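Protein chains in written order, with the working numbering: chain S, 114 to 235; chain Z, 21 to 126. From the three backbone atoms N, C-alpha and C, an ideal C-beta is built for every residue, glycine too. Computed from a prediction, not measured in an experiment: that's the story for all the values here.
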């Protein structure tokens with residue numbers, strides 16, 4: 114069964130860093146762009162970042178630009194989200210999600226991971 | 021581009037018709053998706069390309085619209101439809117979501 118699994122979440126102090134991972138299996142992971150979406154407690158969905166299937170195209174939400182970096186390791190079927198200079202407003206559940214078509218990352222998401230929680234607090 | 025949903029919440033009777041509106045601040049053709057998120061669950065894709073029902077989604081769900089104004093309609097609300105619904109534009113990054121519409125049973 115196809116799935117995405119996030120890991121790396123936790124509790125961290127403001128200003129610190131955290132790296133999230135998203136591993137995919139049972140589909141051609143390396144032919145898909147991968148997105149990160151977050152959801153603050155009790156709030157709506159916020160798109161965070163995307164990396165293209167080849168890794169050469171990356172885009173970020175204004176709220177994380179310059180602090181977060183998305184990357185991928187094709188040999189491990191894994192996408193990473195390096196989060197630096199974390200703020201309390203970065204608190205939430207972080208989901209990775211797969212577009213419904215290979216090759217085009219500007220597509221709706223037909224597969225989501227279960228999410229990994231991040232808490233930024235002193 | 022901003023995505024604005026209305027209403028932010030609604031309460032309706034079982035069997036009633038429910039309509040949710042999503043407005044884009046700029047023209048997005050039909051690059052519009054709808055998601056359903058039940059309490060404590062992961063979002064689920066319902067509709068893409070403004071009106072194409074995702075496989076396995078009940079036919080009581082439908083989408084319409086193009087350009088800047090879109091609607092999600094539930095033709096006969098069921099208890100299983102209690103959830104928050106989000107629109108999302110996907111013509112280009114950032115793939116912005118609307119603020120969500122919480123649907124409850126009256």
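TODO: State the start and end residues of the unbroken beta strand (DSSP E) segment that holds residue 181(S).
DONE: Where residue 181(S) is concerned, the enclosing beta strand (DSSP E) stretches over 181 to 186.
- [ ] Thinking residue 57(Z) and residue 66(Z) are a contact (beta carbons under 8 Å), I'd like their distance in whole angstroms, please.
- [x] Wrong, their Cβ atoms sit about 10 Å apart, outside the cutoff.
Task: C-beta neighbour in chain Z for residue 231(S), strict 8 Å - done: Chain Z, which has no Cβ nearer than 8 Å to the Cβ of residue 231(S), makes this no.
Task: 8 Å contact criterion, which residue 47(Z) and residue 83(Z) should meet: CB distance rounded - done: That pair is no contact at about 17 Å.
Task: Burial state of residue 124(Z), where buried means 16 or more other Cβ atoms lie within 10 Å - done: With fewer than 16 Cβ atoms within 10 Å of its Cβ, residue 124(Z) is classed as exposed.
- [ ] Go ahead and pull the three-state DSSP assignment for residue 127(S).
- [x] Residue 127(S) sits in coil when the DSSP states are folded into three classes, being neither helix nor strand.
Task: Buried/exposed call for residue 141(S), threshold 16 Cβ in 10 Å - done: Counting the other CB atoms within 10 Å of its CB gives residue 141(S) a total below 16, which places it among the exposed residues.
TODO: Please list the segments of the beta strand (DSSP E) lying wholly inside the region 165 to 214 of chain S, counting only runs of 3 or more residues, in order along the chain.
DONE: DSSP runs (the beta strand (DSSP E)) wholly in the region 165 to 214 of chain S: 171 to 173, 181 to 186, 191 to 196, 205 to 212.
Task: Beta-carbon gap between residue 104(Z) and residue 121(Z) smaller than 8 Å - done: Yes, they are a contact pair.
Task: Where residue 90(Z) sits in the DSSP three-state scheme - done: Here residue 90(Z) sits in strand by DSSP.
TODO: Would you list the one or two residues that DSSP bridges to residue 230(S)?
DONE: DSSP, once it has assigned bridges, lists 206(S) as partnering residue 230(S).
- [ ] Alpha carbon to alpha carbon, how far is residue 210(S) from residue 62(Z)? Give it in angstroms, no decimals.
- [x] Those two C-alpha atoms are separated by around 10 Å.
TODO: Tell whether a beta-carbon distance below 8 Å holds between residue 219(S) and residue 111(Z).
DONE: Yes, these two residues count as a Cβ contact at 8 Å.
Open item on the list: Would residue 114(S) pass as an interface residue toward chain Z - the criterion being a Cβ-Cβ separation below 8 Å?
Closed with: Under the 8 Å criterion on CB atoms, residue 114(S) is classed as non-interfacial with respect to chain Z.
Open item on the list: Quick test of the definition: if touching needs 3 or more C-beta pairs under 8 Å, does the region 160 to 176 of chain S touch the region 224 to 233 of chain S?
Closed with: No: the two stretches stay apart, fewer than three of their Cβ pairs being nearer than 8 Å.
- [ ] Express the C-alpha separation of residue 42(Z) and residue 116(Z) in angstroms, rounding to a whole number.
- [x] Residue 116(Z) and residue 42(Z): Cα-Cα distance of roughly 12 Å.
TODO: Give the C-beta separation of residue 55(Z) and residue 22(Z) to the nearest angstrom, bearing in mind that I take them to be a contact with Cβ-Cβ under 8 Å.
DONE: Incorrect: roughly 18 Å between the Cβ atoms, too far for contact.
Open item on the list: By the 8 Å beta-carbon criterion, what residues does the region 91 to 117 of chain Z contribute toward chain S?
Closed with: The residues in question are 104, 106, 108, 110, 111, 112, 113, 114, 115, 116, 117.
- [ ] Output, in chain order, the set of chain Z residues within a Cβ distance shorter than 8 Å of residue 148(S).
- [x] In chain order: 115.
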